[in-house]
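Below: the structure, in structure tokens.
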Amino acid sequence: MVSIVLAVGVVPGGAAYAGAAAPESGIQSSNGTEVTGDWNGDGVDTAGLFDARTATWYLRNSNTTGTADITFVYGNTGETGIPIVGDWDGNGTDTPGLVRGLTWLLRNANSTGTANISLTYGNNLSARWPVPGDWNGDGTDTPGVFEFSTGMWHLRNSNTTGLPTIAFRYGDTNEQGRPMVGDWNGNGNDTPGLVRGNNWLLRNSNSAGTANISFNYGDGAPPHWPLPGDWNGNGSDTPGVADPGDPTIWYLRNSNTTGVGDITFRFGFDPAG
Ligand SMILES: [Ca+2]
Ligand SMILES: [Ca+2]
Ligand SMILES: [Ca+2]
Ligand SMILES: [Ca+2]
4 MVSIVLAVGV
14 VPGGAAYAGA
24 AAPESGIQSS
34 NGTEVTGDWN
44 GDGVDTAGLF
54 DARTATWYLR
64 NSNTTGTADI
74 TFVYGNTGET
84 GIPIVGDWDG
94 NGTDTPGLVR
104 GLTWLLRNAN
114 STGTANISLT
124 YGNNLSARWP
134 VPGDWNGDGT
144 DTPGVFEFST
154 GMWHLRNSNT
164 TGLPTIAFRY
174 GDTNEQGRPM
184 VGDWNGNGND
194 TPGLVRGNNW
204 LLRNSNSAGT
214 ANISFNYGDG
224 APPHWPLPGD
234 WNGNGSDTPG
244 VADPGDPTIW
254 YLRNSNTTGV
264 GDITFRFGFD
274 PAG
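Per our numbering, the very first residue in the sequence shown carries number 4; after that it's consecutive.
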């Protein structure tokens, strides 16, 4: 649900994310920003790629090597907003969004067109990262913002302009980890996670506290980027990482435990080929 200028392999940390064009759900590589979502509503999250140069979204419906099943344009040529994805209308499919400054522009279809929802959320006071999710388990993904300087999460339960519904601290002052969200225990709510190096620190409630789950996954060094999702459709989100080569190699795991990838595939295009 799952972005940071577009420096390749930008390191975690507030300063690195302060740029207006930092990608939200993934890492910018030479062929785009990786995202994950359930594009077709079958319960399985799969790979996607957003190419800011052309504002083209490339979505695949299976976690296997191949090309995009769905291709469309959403955004501006040379888009500088942060690409995000979520189920904004609660119909079961994840669709794109763009965060430009404080403006969230959400689209409810995986097709070429303009925003269906526009709202203002967040503040410009410090480095922050958009982290949309389903905080209350009603099936609709709504805005969240992580603030690196304080480790605070600011979550809202509707796709309308307004103040946070929930605010709590999970993370360090000047947090160096990468914020992301998922339903780690399959109870229906998305909750926060931080990835420091290759250490995934997941919390099962939207409240202040420490990690409920800790494990290691991935090689921990940029440019690998954490991309959690529900790869097997069992209701729990688990880790994935993308190595943004050309094409990108994805490594997905089906449990929130230390171990190797269960699924490996290539997705993306080779600009040279
Ligand atoms: Ca799917
Ligand atoms: Ca939807
Ligand atoms: Ca919700
Ligand atoms: Ca799963």
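We put the CB at the ideal spot given by N, CA and C, even for glycine.
Could you give the C-beta distance for residue i and residue j, rounded to a whole number, given that I count them as a contact under 8 Å?
i	j	result
Gly40	Gly51	6 Å
Gly238	Gly189	4 Å
Val244	Gly221	4 Å
Trp91	Asn64	Not a contact, Cβ separation roughly 19 Å.
Asn207	Asn219	Rounded, the Cβ-Cβ distance is 19 Å, inconsistent with contact.
Trp187	Leu205	5 Å
Asn215	Thr241	That belief does not hold up - the Cβ atoms of Asn215 and Thr241 are roughly 14 Å apart, past 8 Å.
Asp66	Ile266	Checking the sequence, you will find Asn at residue 66 rather than Asp. The pair is a contact, with the Cβ atoms about 5 Å apart (cut-off 8 Å).
If we call anything under 8 Å between Cβ atoms a contact, is residue i one with residue j?
i	j	result
Val134	Pro182	yes
Gly89	Asp233	no
Pro250	Gly271	yes
Val148	Gly174	no
Glu37	Ala58	no
Gly140	Asn192	yes
Leu101	Gly136	no
Ala118	Leu105	no
Glu178	Gly154	yes
Gly180	Val198	yes
Trp156	Thr145	no
Gly84	Arg103	yes
Could you work out which residue in the options is closest to residue i when comparing CA atoms only?
i	options	result
Thr168	Ser210, Ile266 and Thr176	Ser210
Phe268	Leu109, Pro86, Gly69 and Thr74	Gly69
Asn160	Asp175, Thr176 and Leu122	Leu122
Gly200	Ser217, Asn66 and Trp187	Ser217
Val76	Gly95, Asp54, Asn66 and Gly84	Asp54
Trp228	Asn177, Asp193, Arg103 and Tyr254	Tyr254
Thr80	Arg56, Thr74 and Ala71	Arg56
Leu62	Asp265, Ser114 and Gly84	Ser114
Phe171	Gly35, Thr164 and Phe151	Phe151
Leu230	Asn257, Thr143 and Trp156	Asn257
Ile87	Trp132, Ile73, Thr74 and Asp72	Trp132
Gly142	Thr74, Leu166, Asp48 and Thr96	Thr96
Thr164	Thr176, Ile120 and Thr194	Ile120
Trp358	Thr74, Thr49 and Asp48	Because the chain is modelled from 4 through 276, residue 358 falls outside the range shown and cannot be assessed.
Asn162	Asp72, Asp48, Asn111 and Gly35	Asn111
Thr176	Ala130, Thr194 and Asp48	Ala130
Please report whether the beta-carbon of residue i lies at a distance below 8 Å from any beta-carbon of chain B.
i	result
Asn64	Here there is only one protein chain, and chain B is not present.
Contiguous beta strand (DSSP E) assignments of at least 3 residues, all confined to the region 92-129: List check, beta strand (DSSP E) in window: 98-103, 106-109 and 120-123.
Taking only runs of the beta strand (DSSP E) that begin and end inside the region 155-234, which ones reach a length of at least 3 residues, in chain order? Those beta strand (DSSP E) runs which fall completely within the region 155-234 and span 3+ residues are 155-158, 169-172, 181-185, 194-199, 202-205 and 216-219.
Got a list of residues with beta-carbon closer than 7 Å to any non-hydrogen atom of ligand 4, in chain order? Output, sorted by chain position: Asp233, Trp234, Asn235, Gly236, Asn237, Gly238, Ser239, Asp240, Thr241 and Asn257.
Distance cut 6 Å, beta-carbon to ligand 2 heavy atom: residue list by chain order: Sorted by chain position, residues whose beta-carbon lies closer than 6 Å to a non-hydrogen atom of ligand 2 are Asp90, Trp91, Asp92, Asn94, Thr96, Thr98 and Asn111.
Which residues count as close to ligand 1 when the rule is a CB under 6 Å from any of its heavy atoms, in chain order? Taking each Cβ in turn, the ones that pass are Asp41, Trp42, Asn43, Asp45, Val47, Thr49 and Asn64.
Residues with a Cβ closer than 7 Å to any heavy atom of ligand 3, in chain order? Those residues are Asp137, Trp138, Asn139, Gly140, Asp141, Gly142, Thr143, Asp144, Thr145 and Asn160, given in chain order.
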